[in-house]
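The numbers in the UniProt record's numbering rise by one with no breaks, and the one at position 84 of the sequence shown is 84.
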Amino acid sequence: MATDDIYVHFLPEEKPFIDRAWEWVVNAGDYHEVKLTGFLDPRQSLILTSLVNRHPDAALRLYGGYDGAERRRALIAPDYRDLDSEPMEMKVISIVSEDERIAELDHGDYMGAILGLGLKRDVIGDFHVREDGCHVIVTADIADFLNLHLRQVHRVTVLTDILELDELKTVVSVQEPLDITVASLRLDGIAGDVFRLSRSKILAPIKAGRCRVNWKTEEDPSKPLKEGDVVSLKGFGRFKVLELEGVTKKGRYRVKIGKFV
């Protein structure tokens with residue numbers, strides 16, 4: 001097959017991932033290989049699922065350590081294997097502190113501290129941030145490294161421990177539904193509406209590097225958003241693009257948003 005006809009369903013910049021994912025699928029279905037990936041974001045999981053569905057002899061398991069996980073590892077294998085019994089190789093890093101300022105830390109602070117140790121994003125799953133610390137799901141092979149080297153998060157001294165998945169304390173994110181109409185799907189337009197900021201006031205934090213899209217810093221206000229994107233703006237909060245609901249008669253886009261509260 002190949003993947004030529006699927007490219008039209010996704011964005012041009014997603015082509016490298018599509019090519020890599022199709023190679024995993026072919027190796028599983030045709031050559032009986034098993035591939036355990038790093039953590040994928042929801043968009044990558046959607047692409048991979050689409051590709052596995054195109055191969056009659058490949059199977060897929062997606063798991064992020066608990067039901068409802070946003071970032072999940074993928075196990076791609078021949079369809080005769082029992083994927084539910086295969087190890088997904090994950091641990092939980094517990095982060096605590098005797099410093100009361102730990103209650104002020106957010107998702108981005110923990111993320112920055114871990115990435116600052118030189119690790120790649122795909123070894124890190126979901127974060128569960130509480131007032132007394134954080135549980136973060138990671139690939140099993142980097143758990144010891146993090147336990148040894150993670151000693152500070154945004155100027156707060158921390159202690160760490162390695163836990164098994166059944167010791168994970170999840171934090172359920174509550175999303176307030178918002179329905180907005182915007183002139184375009186640009187980051188600044190949608191974020192401005194969600195956080196009720198004027199165009200001039202939304203541009204400054206984006207250009208200053210205070211905005212993240214899918215946990216990656218995004219300084220381009222014109223970046224188009226798509227379904228599944230998670231946007232955070234330091235000091236203002238976080239939201240998820242739940243659904244693009246079409247265009248109004250006046251040519252504006254209807255967008256369903258989930259704002260984290």
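The beta-carbon is built from N, C-alpha and C at its ideal position, and this holds for glycine as well.
Across the structure, residue 197 and residue 141 are spaced so that their CA atoms are roughly 43 Å apart. Collapsing the DSSP output to three states places residue 88 in coil. Of the candidates 111, 115, 113 and 132, 132 places its Cα closest to the Cα of residue 98.
Per the DSSP secondary-structure output, residue 35 pairs in a beta bridge with 76.
Counting C-beta atoms within 10 angstroms of its own C-beta, residue 8 has fewer than 16 neighbours from the protein chains shown and is therefore classed as exposed. DSSP, reduced to helix, strand and coil, places residue 158 outside both helices and strands of the structure shown, so it counts as coil. Sequence-distant partners of residue 84 (beyond 5 residues in either direction) whose C-beta falls short of 8 Å from its own C-beta, in its chain, are 61. Taking all protein chains in view, the Cβ of residue 32 is surrounded by fewer than 16 other Cβ atoms within 10 Å, so the residue is classified as exposed. Bridge partners of residue 179 according to DSSP: 256.
Taking a cut-off of 8 Å on C-beta distances, the stretch 44-56 does not touch the stretch 234-254, as fewer than three cross pairs fall below it.
Non-local beta-carbon contacts of residue 15 in its own chain, meaning distances under 7 Å to residues more than five positions away in sequence, involve 7 in chain order.
Cβ contact annotation for residue 199 (same chain, cutoff 7 Å, sequence separation greater than five): 188 and 192, in chain order. Check the Cα spacing between residue 247 and each of 66, 34, 152 and 180: the tightest is with 180. Just measuring C-alpha positions, the residue of 195, 217, 178 and 209 sitting nearest residue 254 is 178. The Cβ-Cβ distance between residue 38 and residue 123 falls below 8 Å. In its chain, beyond the 5 residues on either side, 65, 135, 136, 137, 138, 162, 163, 164, 165, 167 and 168 have a beta carbon closer than 8 Å to the beta carbon of residue 92. Taking the C-beta atoms as reference points, residue 71 is found nearer than 8 Å to residue 40. One alpha carbon belongs to residue 87, the other to residue 68, and they sit about 18 Å apart. Ranked by how close their Cα comes to the Cα of residue 251, the residues 183, 234, 235 and 201 have 183 in first place.
Residue burial annotation: residue 220 is exposed, with fewer than 16 other C-beta atoms found within 10 angstroms of its C-beta. In this structure, residue 105 keeps its C-beta atom at 8 Å or more from the C-beta atom of residue 174. Excluding residues up to 5 positions away in sequence, 117 lie with their Cβ nearer than 8 Å to the Cβ of residue 149 in the same chain. A direct Cα-Cα distance of roughly 25 Å separates residue 121 from residue 59. Secondary structure at residue 204: helix, using DSSP grouped into helix, strand and coil. In the DSSP assignment, residue 232 falls within the unbroken beta strand (DSSP E) covering 230-233.
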